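Start counting the sequence shown at 1; every next residue gets the next number (this note's numbering).
Just so it is clear, CB atoms sit at the ideal spot from N, CA and C, and this is done for glycine as well.
In this text, all values refer to a predicted model and were calculated from it rather than measured experimentally.
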Amino acid sequence: MYQLGQHLREHYGSRLFNNTYVPNKVVALTGDRYNRTIASAITVMAGMFPPENPWSTELLWRPVPVRTDLDIDNADLLTLLSQWPDDQGKCPRLAWIKTTDIYKQEMAMKQDLMQYISTNGNIRVNSLIDLCAAVDNFKARAIHINEHPLPPWMNMTFFALLQRAQIPNTLRKLYDFEQLTKLSGGMMLKKISTVMQNIIAGRTDHQFIAYSGHDQTLISIEKALQINAFPSNQDIGYGGYLAFELYKSQNGTYFVQLMAYDGSRNRTLIEANKCASPCEFQSFLQSIEATFPLSWNAECGLADPAAEISLLQILVGVMTVILIFVSEALLITCCLLHNRQWQFVHRRKGYVEIN
């Protein structure tokens with residue numbers, strides 16, 4: 001994660017904030033549920049912003065605030081489909097997904113792995129959600145194998161079962177359910193578009209907004225955008241990201257460009273569905289608006305839709321500044337704004353970068 005911070009500094013630091021941490025320009029966010037995403041966000045910021053005037057010769061670190069947004073947790077697959085009885089964020093109206101043939105088939109295909117983990121690891125693995133959570137923990141541990149050696153039962157048998165389970169494909173199959181994608185990737189895109197609209201309208205000085213999440217976070221956005229930013233049969237590497245870059249042309253037109261990073265220093269330009277890159281902002285917005293949930297709580301069955309919409313209308317009318325402040329809090333993983341010169345030419349995409 002520290003190296004990811006250095007990578008982001010290399011790509012965006014000099015163009016956006018002169019390689020200097022500026023509180024009103026840089027925002028790092030994470031949910032509140034998982035310690036690892038919080039620690040990752042702190043570590044990424046440490047890599048992005050080494051101390052300019054070290055306050056300690058023993059600790060070359062500059063503290064950078066990391067904020068939390070509970071909506072980020074609500075978009076998490078483990079929240080949406082959780083069976084945990086004490087999970088207050090679960091989404092009742094998605095319970096039907098567990099009764100579908102796809103879910104049952106995936107469960108059947110992974111029974112051997114689930115049984116193996118339950119028996120040898122003394123971990124409760126009764127659902128696909130339990131399995132995803134357990135395997136995610138194992139993958140993180142394997143990366144730091146010198147500090148956290150794997151237990152003996154994580155042997156060739158375990159890794160053969162893990163390979164056969166094809167968990168990355170399972171996540172993508174689950175996100176084929178439109179309602180699930182709308183309440184996860186769609187909600188994230190709604191927040192992203194709000195941030196961009198605030199930037200365009202001059203309501204905020206924020207230029208770089210980073211979110212620390214999970215592979216399933218990126219997969220849900222892939223599905224909502226109808227893109228293939230990462231190989232469908234592979235895990236998204238730690239430190240992988242999707243970047244939503246916002247540019248302004250000389251004539252005042254705004255464009256969105258998507259970049260995918262797989263965690264191995266390879267950045268790829270992504271063509272958004274129905275909108276070639278760079279995509280004019282209003283066209284980009286129109287192409288994704290159908291994925292937005294009107295109200296996450298209402299569509300999850302956690303609140304009365306009419307009551308929540310009425311309250312929202314009141315808040316928009318009398319608390320605009322507060323809502324803008326709150327809605328600025330998220331992008332997957334970065335949003336930036338700086339001037340770029342684009343020249344219109346007679347090509348399929350319409351615009352080319354000239355500097």
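Proximity to S295 across S184, T30 and A224 peaks at S184, based on C-alpha coordinates.
Under DSSP, the beta-bridge partners assigned to T30 are T68 and S212. Per DSSP, reduced to three states, the secondary structure at K25 is coil, with no helix or strand assignment. The distance from the Cβ of Y21 to that of V64 is about 6 Å, consistent with a contact at the 8 Å cut-off. Distance between R172 and M48, taken at the CA atoms: about 31 Å. Counting every other CB atom within 10 Å of its CB across the protein chains shown gives F159 a total below 16, marking it as exposed.
When the beta-carbon positions are compared, L131 and I102 stay at least 9 Å from each other. CA-to-CA, the gap between P278 and L269 works out to about 9 Å. Taking C-alpha positions only, Y12 is separated from Q282 by approximately 24 Å. The beta carbon of M187 sits closer than 8 Å to the beta carbons of D71, N74, A75, F292, P293 and W296 from its chain, once the five residues preceding and following it are set aside; these are given in chain order. Cβ atoms of I129 and L180 stay farther apart than 8 Å, at about 12 Å.
When beta bridges are read from the DSSP output, F292 appears opposite no residue.
Sixteen is the threshold: when 16 or more other Cβ atoms of the shown chains lie within 10 Å of the Cβ of G31, as they do, the residue is buried. Taking each of Q250, E271, Q163 and A134 in turn and checking the Cα distance to A243, the smallest one comes out for E271. Following the DSSP letters along the chain, one finds K248 inside the beta strand (DSSP E) bounded by residues Y241 to K248. With a beta-carbon spacing of about 4 Å, L4 and G239 fall inside the 8 Å limit used to define contacts. Measuring C-alpha to C-alpha distances from A298 to each of P92, A224, A229 and V256 identifies P92 as the nearest. Around the beta-carbon of I42, 16 or more other beta-carbon atoms lie within 10 Å, marking it buried.
Per DSSP, reduced to three states, the secondary structure at C91 is coil, with no helix or strand assignment.
Bounds of the alpha helix (DSSP H) holding M187 are M187 to I200. Boundaries of the beta strand (DSSP E) harbouring M259: Y254 to Y261, taken from the DSSP string. Between E52 and R36, the CB-CB gap reaches or exceeds 9 Å. One thing to note: R33 has its Cβ no nearer than 9 Å to the Cβ of L113. Shown here, L269 sits in a strand according to DSSP, grouped into three states. Sequence-distant partners of I117 (beyond 5 residues in either direction) whose C-beta falls short of 7 Å from its own C-beta, in its chain, are I123, V125 and A134. If you ignore the 5 residues before and after C300, its C-beta comes within less than 6 Å of the C-beta of C91 and R93, all in its own chain and listed in chain order.
Contact annotation: E289 and S193 have beta-carbon atoms nearer than 9 Å. As a beta-bridge residue in DSSP terms, C275 pairs with A272. Approximately 16 Å separates the beta-carbon atoms of Y254 and I209; this is outside 8 Å, ruling out the contact.
Of the other Cβ atoms in all chains shown, 16 or more fall within 10 Å of the Cβ of I236; this residue is therefore buried.
DSSP places E299 within a helical segment (H, G or I) once states are collapsed to three.
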